[in-house]
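In our numbering, the protein residues as written are 635 to 906.
The beta carbon of each residue, even a glycine, is placed where N, CA and C say it ideally should be.
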Ligand code: NAD
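Here is the structure:
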């Protein structure tokens with residue numbers, strides 16, 4: 635017997651990622667759009683989700699009532715805001731629906747609330763859902779482990795002008811990978827914002843810098859700068875489709891897993 639096709643709710647359907655996800659789900663035979671949720675009062679409410687996103691009709695009306703939309707859904711894919719994601723975590727736990735979280739800028743308290751929800755359902759959270767960046771994180775950990783503190787580590791990122799958090803979730807993920815490679819936590823090594831008379835760089839610290847402008851989808855460099863040589867690991871995203879397809883892959887992988895907190899390393903089989 636073939637596997638049942640999971641019904642997927644898109645949270646934040648009118649956002650940049652939400653619109654992209656509507657297109658990816660429309661084209662996928664492996665899943666179906668079960669609901670599209672937007673902020674209360676959004677002008678998409680009541681419209682066909684496919685048409686609202688600028689394509690053909692898909693037969694699903696956009697709603698601003700997440701509780702009603704979650705009934706009977708197997709998955710919610712969520713690229714929204716931290717406050718909305720914490721609210722969706724509770725709803726997904728109640729509905730025992732897989733929660734795929736792409737939202738970045740989550741606080742420690744937000745993550746604690748999401749981890750509580752993960753006792754009841756499968757939660758897959760990643761600051762970046764692309765295969766390339768998750769591979770880059772693995773490489774970053776390996777290079778950081780191979781090089782000693784003579785090599786300074788800097789994560790340099792660039793995004794479009796609308797992005798509200800910095801450093802990006804991906805930059806932090808790469809910083810965490812570099813710290814892990816050195817057997818430490820990022821919180822112990824993270825360099826503060828540099829502005830003015832900063833003093834010399836701390837040995838072993840991991841620095842971040844963020845550029846914001848135009849319509850840059852997402853670029854990340856991990857720089858290892860040592861005496862007489864530099865290594866740069868780079869990922870450039872040119873199309874948001876990589877994140878949307880990664881989120882769908884996570885949604886499908888999450889079917890039948892045990893409740894718990896997972897990330898793309900699990901989904902892509904890159905652990906170990
Ligand atoms: P966006 O601002 O275009 O979209 C977010 C949408 O969420 C908006 O339409 C907003 O109205 C909606 N929203 C807010 N509160 C809501 C609520 N309570 N219910 C329903 N909808 C609500 O932003 P975006 O570029 O699509 O990015 C969204 C998030 O995803 C950001 O945190 C971004 O950093 C992150 N992101 C992650 C990845 C990844 O691979 N993990 C990739 C791209 C973006």
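What residues are listed by DSSP as bridge partners for residue i?
i: residue 845; result: 792
i: residue 748; result: Beta-bridge pairing links residue 748 to no other residue.
i: residue 756; result: 894
i: residue 697; result: 671
i: residue 642; result: 667 and 709
i: residue 824; result: 840
i: residue 857; result: 788 and 866
i: residue 682; result: 695
i: residue 732; result: 709
Short of 6 angstroms in beta carbon distance, which residues of its chain neighbour residue i, apart from the five on each side in sequence? Order them along the chain.
i: residue 812; result: 774, 778, 787 and 840
i: residue 869; result: 766, 767, 770 and 854
i: residue 876; result: 764
i: residue 895; result: 749, 752 and 757
With DSSP as the reference, label residue i as helix, strand or coil.
i: residue 867; result: strand
Quick one: what's got a C-beta closer than 7 angstroms to residue i's C-beta in the same chain, skipping five residues either side?
i: residue 897; result: 758, 759 and 760
i: residue 654; result: 874, 875 and 878
i: residue 795; result: 846, 847 and 848
i: residue 883; result: 901
i: residue 837; result: 783
i: residue 797; result: 846
i: residue 790; result: 843, 855 and 857
Mind reading off the beta-carbon distance from residue i to residue j? Whole number of angstroms is fine, and I expect it under 8 angstroms.
i: residue 643; j: residue 703; result: 5 angstroms
i: residue 710; j: residue 722; result: 6 angstroms
i: residue 684; j: residue 656; result: 6 angstroms
Quiz item: Does the region 797 to 806 come close enough to the region 857 to 864 that 3 or more CB-CB pairs lie under 8 angstroms?
Solution: no
Exercise. Would you check if the region 753 to 763 and the region 729 to 742 touch, i.e. whether three or more CB-CB distances between them fall below 8 angstroms?
Key: Touching, yes, given that three or more Cβ pairs across the two stretches are closer than 8 angstroms.
Exercise. Count the CB pairs spanning the region 690 to 698 and the region 710 to 727 that are closer than 8 angstroms, and state whether there are at least three.
Key: no
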